[in-house]
Amino acid sequence: MEGTSYSLEILDTNANEQFEAMKELYIKATNGMILVYSVTHKDTFEEIPNIHANIVNIRSQKK
1 MEGTSYSLEI LDTNANEQFE AMKELYIKAT NGMILVYSVT HKDTFEEIPN IHANIVNIRS
61 QKK
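All residue numbers for the sequence shown refer to the UniProt record's numbering, where the first residue is 1 and numbers rise by one.
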């Protein structure tokens, strides 16, 4: 890894409704995702399993 450059793109698809239609395309095309929640809003933490299940479902359709 030493001497190799990497690129990281951070895209908050839940913050903006304009990304809703593109969300599935991003999920299919990406090499990884980080699920983030707010420590001040418990409901965002509780939604993580649903988001993860949706990602797994979309990624399984990719093949």
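Note that the Cβ used here is the ideal one computed from N, Cα and C, for glycine as well.
query	result
From I48 to V56, what distance separates their C-alpha atoms?	12 angstroms
Rounded C-beta distance between R59 and K28? I'm assuming under 8 angstroms.	7 angstroms
Measuring straight from C-alpha to C-alpha, what distance separates I10 and I34?	9 angstroms
How about T13 and Y26: are their beta carbons less than 8 angstroms apart?	yes
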